[in-house]
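Numbered per the working numbering, the sequence shown spans residues 860 to 970. Positions of the beta carbon are idealized from the N, C-alpha and C atoms, including for glycine.
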Amino acid sequence: MLTLASDIEVLVRFGRALADPIRCRILLALRQAPAYPSDLADALGISRTRLSNHLACLRDCGLVVAVPDGRRTRYELADERFGHALDDLRTAVVAVAADKTCVDAEERGCC
860 MLTLASDIEV LVRFGRALAD PIRCRILLAL RQAPAYPSDL ADALGISRTR LSNHLACLRD
920 CGLVVAVPDG RRTRYELADE RFGHALDDLR TAVVAVAADK TCVDAEERGC C
């Protein structure tokens, strides 16, 4: 039985997915278009086993879905709004990185 996640659960799941660079690369690739695991593994330059583990995590987080396609399985973002959210996060981080708030950020290695 599917239930709706709370706002906090959604953010935690999204954060868990974004905590790994490979999962970020997978999400960005799926933002462009749905893909088959073998094609994703080749495009990302990782083993199919490693990709499978990351796809399982992304499925468990509710961010991607596996869509049966004949004898193959295609992966895509669970909701197209995730693609927009990724774009918003990417551009927000770039904007924040360019506008350092600490006067001694360089010395302290923060911001």
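{"Item": "Note down the Cα distance separating ASP928 from LEU948, rounded to an integer number of angstroms.", "Value": "31 Å"}
{"Item": "To test your reading of the DSSP string, which unbroken alpha helix (DSSP H) runs of 4 or more residues are found completely within the segment 863–913?", "Value": "866–877, 880–891 and 896–903"}
{"Item": "Just list the residues that DSSP pairs ARG918 with in beta bridges.", "Value": "According to DSSP, which records beta bridges pairwise, ARG918 is partnered with nothing at all."}
{"Item": "Rounding to the nearest angstrom, what Cα-Cα distance links THR908 and GLU939 in this structure?", "Value": "26 Å"}
{"Item": "Taking ARG918 as the reference, give the member of SER865, ASP866, ILE867 and ARG872 with the closest Cα.", "Value": "ARG872"}
{"Item": "State yes or no: is the C-beta of ARG884 within less than 7 Å of the C-beta of LEU903?", "Value": "yes"}
{"Item": "When DSSP builds the beta bridges, which residues end up paired with VAL923?", "Value": "LEU936"}
{"Item": "Is the separation between the beta-carbon of ARG890 and that of GLY942 shorter than 7 Å?", "Value": "yes"}
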